[in-house]
Every structure is written in C-alpha cells, then in structure tokens.
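Data first, discussion second: the structure below is written as structure tokens.
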Amino acid sequence: MVVEQILFFALGSLLLLAGLGVVTLKNPVHAAMSLVLTFFTSSMLWILLRAEFLGIVLILVYVGAVMVLFLFVVMMLDINTTPLREGFARYLPVGGLVAALMAAQMVAVLSSKHFGFDNFAPPAPVIEGSNTEALGMELYTNYVYPFEIAAVILLVAIVAAITLTHRKREGSKTQDINRQVQVRRDDRVRIVKVASESSEGHGA
Amino acid sequence: MIQAWSDLIPLLPELFLLVMINVILIAGLFIDEKRRGIIHFLAILTLVLTAVLTLRDFNVGQRFAALGGMFVRDGVSDVLKLFIYLTTAVVFVYAKHSLRVNKLFVAEYYTLVLFAVLGMCILVSGGNLLTVYLGLELLALSSYALVALDRDSSTASESAMKYFVLGALASGLLLYGMSMLYGLTGSLDLGVIADKLASGDLPPVLLAFTVTFIVVGIGFKFGAAPFHMWVPDVYHGAPTAVTLFISSAPKLAAAGMAFRVLAEGLEPRVQDWAQMLGFLALLSLAIGNLAAIAQTNLKRMLAYSTISHVGFILLGILAGDEAGMAAAMFYVIVYALMSTAAFGLIIVLSRAGFDAERIEDFKGLNQRHPWFAFLMLVTMASMAGFPPTIGFFAKLYVLQAAVDAGWLWLAITSVVFAVIGAYYYLRVIKVMYFDEPEVDHRITVPGDVRSVLAVNVVMLLALTMMAGPLTRLCEQAWQ
C-alpha cells in the first residue's frame, strides 16, 4: 500500500510538472515532448489502477501515433509563438475565473451527495488476471454487434474523407501498368533522319 | 452474444445491405462514368431485395430481440424500415438526373446514402443506448459527407461545416444524457432502464437533468425549434439531390429514435418529457410557419415547413400513449412521402447550371407544363393539410391523439399555426396558376422519373386506398 501511494504521488507530481511544461515551455518541440511525458505518466497512473490495457493503448495510440503527427506539424510549420504569448495579464482574470469555476465544479461533483464515494463505492475488481483478455472476451462476444457497427463507421469515415479530398489533378503522375507493359518500340523511339554534314556546310 | 448462426437471422436485411454496400463501393471503382447507370440500378436493386428480406419475417404484432437485446425487431421498426427503403429508392430515381446534370453522378453518392440507410436501420432497431447512438452516428457521418459532396460549391461546404459542428454538439448532449442514465440505472438496455425508472427511488433532480439532455439531443437531430438553426442552411446549401434525401428518410429514423428512447426507455418519466416536447412542438410550429412566410427560396421555405411538420410529429409523441405514437408514426411516413414529392418536383424543373429553387421560378408553370403544376398543387395542398389529401388525415390523427391526452390548448394553437402556414403553400399554387411565365425552356423529364413522381403524388391523393390500411398498420405496430 505504501509503495503504491509513493508511486501515485511521485507519478502524479511528475504529471502535473509535465502538464505545466506543455503550456510554459518556449520551444514548441520541447512542449510537445513534455506532452509525451504527460501521456506517459498518466498511463502509468492507469496501470496503477489496474487498467493496464488502457494504459498501454494510451501509449500506443497517443504517444506512438498522435504525438508523432503533432511533432511533424510543429517541425514543418515554422510558427512564430511570440504573438501567441502576448496579453497574458489581460486574459488572466477571465482565465482564472474559468479555472476557479471548473475546480469548484469538480469539487462539488466529487464530494456532493449525488456522486460522492459514499453513494457509489469504488467497485471491487471483478476480474482475476489480465484485463486485456477480459476486455477482448467482452468485446468479441457480448459487444460484437456494436463493435462491428463501429467498424462500419470507420469505413464511412474513410470513404467520406477520400470522396471529399481526392481529386484528379491536371498533370498528376500516375502509373498505368497495362500501358507500361504493352508499350512498343514505335511508341517511344522516333527515328529522325538527319542529313549528314557535308563538307560544303563547313565552308560557309 | 452469438451462439449460433441462426441468431443472426433477424439481422439478415442489415447484413445483406452491408454486403451490397461493399459490392457497390468496389464496383464503383471499376465502372467509368458512361456506365455508372449500373451503380444506380444496383443501389435500387439492393433496397428492393433488402425490403424483400425484411418482409420475409414481417409480423406487425410480434416483437423479438436478438444479440442480447441490442437488436430489436417489432412492428414499429419493420414498418419504419420498409418506408425508409421505399423513400430512399424514390430518392435515387429522382436524384439521378440532377446528379448527372450537376456533375455529381459518382458512386460515392450511392454508397454514402446506403450507409446512412444502414445507420437508420440500426437506429430504429436499437434496443440498447449503445446501438441507438452508433446507428445515429453512422447516419450523421454519412449525411455530413453527402452535404459536402459538391466540393466546388462554397455554400455546400459552409452548410456541411455548420451541420457537422451542430451535429457533433447534439451528439455530445445526447451522450451526456445517456451517460447520466447509465450512471443512474447501471444499464444501457432500454428495457432494463424502463424497469429501473418505473421502480422509483432515483434522485428526481438528476433524472430531470438526464431527461432534459436526451430530449435536447433528440430535438437537435429532429431539427425542432429552438434547435432548428442548421435546417434551413443545410437544406439550402446542399445539392438538391442530397437535400431530397436528408429531408425525407432521416426524419423517419429520428422518429424511430424518439420512439425507442422516449417511448420505451424513458416511458415511466412520460410526464417529464411530454412537457418538454410540448414546448418544442409549440416553438417549432410558431417559428417554422412564421419564418416560412418570409422565404423567397423554395428550398428554404420547405426547410421551415419541415420544422413545422416536426412540431406536429412531436405533438403525437407527447401524447405518450399508443394512439399518439401511432399517429406520430403515420404523420412521419406521410411527411416523408410529401417531402420526396416536393423536392422531386424541384429537381424535375431544374436544368444544367440552374436550380429551380426560387419561388419565382415556378411562375406560370401551369402554362408551361400543366401536369407538373397539378402535381405541385397536390403536394402543396397535402403539406398544408387540405381535406382530400392524406396530409389532412395525418394532421387530424395527431390532433385527435393530443386532444385525447389532454393537450387541448396545444392542439388549438397548432391548428392556428397550421392555418397561418397554409398561406405560403397557397402562395406557391398562386404563383404557378395565376402568374405569367418568365422563362420558357422546355421541361424534359426521363420517363421513369415522370411515372414515379406521378405515383408518389397520387399516393398523397388516393386517401381511400392509403389512409385506411396505413393507419391500421401503424396502430397494429403500437399494440
């Protein structure tokens, strides 16, 4: 128990520090790397909660795919960040108010008589062993129908994205293998008769 | 959970539809523009065969659930599905000409519409909040892409953006309500939720919040005022072939969602949501009918008229009993038929580079083409609810159900607004019959469109044949 608590506080404070780094670091690449650390520590926290599948998926999907994309964008676009940082003092009162309001709401929800831990006790772990296996079993048996619908939704997303963005452009380079294979000598080679230079030409 | 292959038999129409969508998707890659009529034929054939498969196990009075209650088939779902197939097939017939003229005759139109149809089938058969939501998203995502299909039109892109953002917001609200419902009852199954709610002893404040969020979400998807902002822009901005689709069949699905979630899942809280729906219905009737008067664009006018029709549909649902639900179902089916006819006529009168979407474009239509003028006359009369048409009966049944449920004041107000609404329908008729034509191009219409349009409009008129059996069907579905 003590080890768990030490781990929780260590990871939690690291998470907060990394999160602060995302918004305060000057260099966008450093900020993005700090976001990677944020994802990483929060996945550690999830694993501490015995949600190891979600923790690993967070690293695979967010760190592995989303953050790489972020870094690409940050590195490719040369964004001047100084104008974005202006007016900190001007927006502080509004921002502070929103932050305080959100904090108050979270406290109200988590401690209220409706949603407090007194009403809803933390559920006892129902699964022995790997929850990856248990999730897989649920997903492919009881929830196979919604799972398949989700797959169809992804297919729609692909079809829609291609329909809306793919265009036949003038002069785009594409291969037509049929034509490449069937090409004959006459299509490519043009024999040009050039009159051989005679001595008279030189004399002129 | 699937124990045996026979568990999938109730899903046969949906599975067939999905397979055919993939076939059309792949076939679309290999068929060039000249022979794209094959795709058109294949899409209509798919809908016909899906309807045949649905009719195979069609039994109005019976209800059975598959896949652990996630998929429900009963009279309500089957009747709605059959009309979804029918309206979509009619939409395909009307749309072909317009798509070809506007250089949008692509296989993706057909695949996306069929994906939307699949989403609607899942939605109206959803016995679980999860499947209801996923079906809704499948429908919504396909619709967003369809609205943006004409990429070179800035109004289409703008309206698609609005549709997408507001639709995402509505989904968020609906999901929030669903998550609270799950938190309160501990189940996603609509039947279990209804049992838990009926047993009482749940915090009433939280329940009120939950019901509010779900009603707001449904209101958004229906396009009911005050959540109607997207409707006129989307109807106006989208290509007419797409407007034709999103104004008809998805309304059937939205009604199906309201039936599933409100009339089944939240049935014990009927006094909560009936009040809210009453408010939505009143606002929809007022805003829809009053704003439609000011429109000069026919597509925008029909959009506002849709909002007022949604008010009537909600009027039936809020009665809360079987008679009310049956009346609402009858109304939404009639509405879908009227809407396809109206937009079909707009398409028929359009030609290359010119959409007959302003009311002035219909000036003197009687002199140019008396038959189409007559069809438009019947459609407008039916929308306004004049007696010999089926639109009159739809309004009558809904009002009767509302009065029986004790909503007399609301019924009277809605009649007043319907009378105000008759003005703008009559204006279209007046323009067609009493004004001189300004343009004089020949109206050329392919034979199949002409005959389907005639049948569609005659269905609105042939009340003795249609109204009786159709109301009986709706009533049986709700028994």
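In order, the protein sequences belong to chains A and B.
Note that this note's numbering has the first sequence beginning at 1, numbered continuously upward.
Note that this note's numbering has the second sequence beginning at 205, numbered continuously upward.
We treat Cβ as the ideally placed atom computed from N, Cα and C, and that holds for glycine.
- Take Leu251 of chain B, set aside five residues on each side of it, and the residues of its chain with a beta-carbon closer than 7 Å to its own are Tyr289, Thr292 and Ala293, in chain order.
- For the 9 Å CB-CB criterion, Ala532 of chain B and Ala605 of chain B form a contact.
- In the DSSP assignment, Arg277 of chain B falls within the unbroken beta strand (DSSP E) covering Phe275 to Arg277.
- One thing to note: Phe53 of chain A has its Cβ within 9 Å of the Cβ of Thr132 of chain A.
- Interface criterion met: the Cβ of Asn332 of chain B is under 9 Å from a Cβ in chain A.
- Annotated three-state conformation of Asn493 of chain B is helix, per DSSP.
- Excluding residues up to 5 positions away in sequence, Ser347 lie with their Cβ nearer than 6 Å to the Cβ of Ile450 of chain B in the same chain.
- Under the 9 Å criterion on CB atoms, Ala150 of chain A is classed as interfacial with respect to chain B.
- Take the alpha-carbon of Gly87 of chain A and the one of Leu97 of chain A: they are about 16 Å apart.
- Ranked by how close their Cα comes to the Cα of Leu286 of chain B, the residues B:Ala453, B:Val474 and B:Ser363 have B:Ala453 in first place.
- In the DSSP assignment, Ala374 of chain B falls within the unbroken alpha helix (DSSP H) covering Ser358 to Thr389.
- Runs of the beta strand (DSSP E) spanning 3 or more residues and lying entirely within the stretch 256 to 343 of chain B occur at 268 to 270 and 275 to 277, in chain order.
- Looking at the DSSP output, Asp393 of chain B shares a beta bridge with B:Asn332.
- With a cut-off of 8 Å on Cβ pairs, the stretch 337 to 352 of chain B is not in contact with the stretch 257 to 266 of chain B, counting fewer than three such pairs.
- When Cβ-Cβ separations below 9 Å define contact, Met529 of chain B makes no contact with chain A.
- Against chain A, the CB of Val310 of chain B has a partner CB under 9 Å away; the residue lies at that interface.
- Pairing Val474 of chain B with Leu466 of chain B, the inter-Cα distance amounts to about 8 Å.
- Of all C-beta pairs linking the stretch 183 to 197 of chain A to the stretch 229 to 246 of chain B, fewer than three are shorter than 8 Å, placing the two stretches out of contact.
- Rounded to whole angstroms, the gap between the alpha carbons of Leu229 of chain B and Lys300 of chain B is 17 Å.
- Within the same chain, and ignoring the five residues on either side of Leu7 of chain A in sequence, the residues whose Cβ sits closer than 7 Å to its Cβ are Leu48.
- Neighbours of Leu340 of chain B in chain A, taken as residues at a C-beta separation under 7 Å, are lacking, since the least C-beta distance is about 10 Å.
- Contact between the stretch 307 to 326 of chain B and the stretch 398 to 407 of chain B is absent: fewer than three C-beta pairs spanning the two stretches fall below 8 Å.
- Taken in chain order, the complete alpha helix (DSSP H) segments of 4 or more residues contained in the stretch 514 to 587 of chain B are 526 to 553 and 569 to 572.
- Here Val552 of chain B has Val649 as same chain residues with Cβ atoms under 6 Å from its own Cβ, once five neighbours each way along the sequence are excluded.
- The beta carbon of Tyr145 of chain A sits closer than 9 Å to some beta carbon of chain B.
- Linking Phe70 of chain A to Ala151 of chain A through their CA atoms gives a straight-line distance of about 25 Å.
- In this structure, B:Ser281 is the residue among B:Glu468, B:Ser281 and B:Val435 with its C-alpha nearest to the C-alpha of Gln680 of chain B.
- Neighbourhood of Ala157 of chain A in chain B, by CB distance below 8 Å: Leu345, in chain order.
- Under the three-pair Cβ rule at 8 Å, the stretch 304 to 312 of chain B does not count as touching the stretch 560 to 573 of chain B.
- Comparing alpha-carbon positions, the option among B:Arg277, B:His440 and B:Ala585 lying closest to Gln499 of chain B turns out to be B:His440.
- CA-to-CA, the gap between Ile225 of chain B and Phe621 of chain B works out to about 42 Å.
- Within the DSSP bridge table, the entry for Asn501 of chain B names B:Arg562 as partners.
- Taking the CA atoms as reference points, Glu471 of chain B sits about 25 Å from Leu373 of chain B.
- In the structure shown, Ser196 of chain A falls within a coil segment according to DSSP collapsed to helix, strand and coil.
- Beta-carbon to beta-carbon, Leu674 of chain B and Ile537 of chain B are separated by about 7 Å, close enough to satisfy the 8 Å threshold.
- With fewer than three CB-CB distances shorter than 8 Å, the stretch 376 to 384 of chain B does not count as touching the stretch 354 to 368 of chain B.
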